[in-house]
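To start, the structure under review is shown below, and the notes come after it.
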């Protein structure tokens, strides 16, 4: 048998030995019969069983076309993160079982280095001792970070892969998993339709990008959307969508010039967008984003901060340095987190949805209104701002020309849209694209018109 026996060798070693063997060469005197048990035809072709053929096919496709030993992890829809900390086992983050240690790994630095070099070349971002850190995307859209060499990674080269879904999750998927509820979604729907700027803020792996992407279905279908990212993750359903990605210095064809998110944001302001979506704000590009808000361009982004107070501290400190008087150009802050439930599982929840009202120069303080908060006891979202929304009553109602005496009626619109989402959910329009097309159809039929 071609793959049988093997004297303790692994399947891969036996396959590689077979592929490297010249069965047409004449053996020298004294050499053993390494191909004993292998059936050959008169023309030199090897006869293999179906099982052996399948094993050869799998190994070739896995290592030459796929991502090698990572293929099973990348193919598993229940795995979210894949981590290799260096020599040793590969760890995964599972949607059901959380953190797990796999039986797959690397036994020495040489094999690990060869693997990450090949992986970096496959994604067209070569890695060297001079440029030992790579942030990129795999062909399936998953994010990958690679650190090469023992000089800076003492246990050996390491990499982390953040997997993405083939189709983005819709806001109804978020409602199914209780990340938010119908009323939260309806409130965000109205605010985004009328051009409010929004940040989804939280800690690492809290689902910020997933939530940001899900609510893009609420943006008017006729709008022009510009997305700006350092690694492409966002998928916008609109036809008029400009997708721009930052370019690192010396890691692309041409003269190797660098194009930062700061540069792309400045360019986006000249493209007449209705909305600008930024993958993540963490540096000087934040000042351009707030300048865009001041000039009437709504901005949506993710941000790393666990509360509204910490978000403001980061915005006003280095390296973003937004003047305090400009912070209230941001209208809505969603605080999201991964939380542990009594059953032991980890779930993602929108902890609060907040409206930034303004800045008081005398007290040097910011005022904001919590519109929704998540109750950990009941695992439900509470509409604490019902009847006291600054945005709904003072901005959106004013834009619609609603008289001051009737401004409370705008809360009925939140209830109406929550019911629309519930009916769409019950009718089975759950998938991202289906939901967007149904919302566009409902809008076209005039069912979203707010009567004054």
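Numbering (my numbering), first residue to last: 3 to 454.
Each residue gets a CB set at the ideal place from its N, CA and C atoms; glycine is no exception.
According to the neighbour-count rule (16 or more other Cβ atoms, all chains shown, within 10 Å of its Cβ), is residue i buried or exposed?
i	result
residue 204	buried
residue 277	buried
residue 348	exposed
residue 401	exposed
residue 2	Within the shown structure, residues of the chain are numbered from 3 to 454, placing residue 2 beyond reach of any answer.
residue 232	buried
residue 98	exposed
residue 156	exposed
residue 257	Unreliable positioning characterises residue 257 in this predicted model, as indicated by a pLDDT of 48, which lies under 50. A coordinate reading is not provided.
residue 150	buried
residue 339	buried
residue 77	exposed
residue 168	exposed
residue 142	exposed
residue 154	exposed
residue 132	exposed
residue 429	exposed
residue 130	exposed
residue 240	buried
residue 74	exposed
residue 407	exposed
residue 105	exposed
residue 320	exposed
residue 345	exposed
Based on Cα-Cα distance, which residue from the options lies nearest to residue i?
i	options	result
residue 500	275, 269, 274, 304	Because the chain here runs from 3 to 454, residue 500 falls outside it and cannot be looked at.
residue 181	167, 328, 209, 66	209
residue 326	366, 355, 356	366
residue 384	81, 132, 352	352
residue 65	120, 48, 108	120
residue 202	318, 399, 336, 330	336
residue 343	378, 438, 309	378
residue 299	229, 146, 131, 122	229
residue 186	442, 356, 363, 313	356
residue 328	314, 321, 320, 341	314
residue 138	265, 161, 108, 224	161
residue 218	234, 194, 306	194
residue 416	403, 427, 389, 396	389
residue 386	227, 292, 92, 354	354
residue 306	115, 283, 61	283
What is the C-beta distance between residue i and residue j, in whole angstroms, given that I count them as a contact (C-beta under 8 Å)?
i	j	result
residue 412	residue 394	5 Å
residue 199	residue 263	Actually they are not in contact, since the Cβ atoms of residue 199 and residue 263 sit about 17 Å apart, beyond 8 Å.
residue 189	residue 440	Actually they are not in contact, since the Cβ atoms of residue 189 and residue 440 sit about 19 Å apart, beyond 8 Å.
residue 179	residue 164	That pair is no contact at about 18 Å.
residue 95	residue 88	No, residue 95 and residue 88 are not in contact; Cβ-Cβ is about 18 Å, not under 8 Å.
residue 368	residue 361	5 Å
residue 304	residue 211	6 Å
residue 288	residue 317	7 Å
For a test of the three-state rule: what should DSSP assign to residue i, helix, strand or coil?
i	result
residue 436	helix
residue 110	coil
residue 382	strand
residue 461	As shown, the chain starts at 3 and ends at 454. That puts residue 461 outside it, with no answer to give.
residue 102	strand
residue 339	strand
residue 257	No answer about residue 257 holds up, because its pLDDT of 48 lies below 50 and its placement is not dependable.
residue 204	strand
residue 238	coil
residue 118	helix
residue 444	helix
residue 322	coil
residue 231	strand
residue 67	helix
Which two residues bound the contiguous beta strand (DSSP E) that contains residue i?
i	result
residue 86	81-86
residue 369	367-377
residue 137	135-139
residue 361	348-362
residue 395	Careful: residue 395 lies outside any beta strand (DSSP E) and carries neither H nor E.
residue 303	301-306
residue 161	160-164
residue 127	Counting along the chain, residue 127 falls outside any beta strand (DSSP E), and DSSP gives it neither H nor E.
residue 149	145-149
Start and end of the alpha helix (DSSP H) containing residue i?
i	result
residue 412	412-428
residue 178	173-178
residue 61	52-62
residue 288	287-296
residue 91	Careful: residue 91 lies outside any alpha helix (DSSP H), inside the beta strand (DSSP E) at 90-96.
residue 212	210-216
residue 311	310-318
residue 2	What is shown of the chain runs 3 to 454, which leaves residue 2 out entirely.
residue 279	Run containing residue 279: none in the alpha helix (DSSP H); it sits in the beta strand (DSSP E), 277-280.
residue 220	Neither: residue 220 is in no alpha helix (DSSP H) and is coded neither H nor E.
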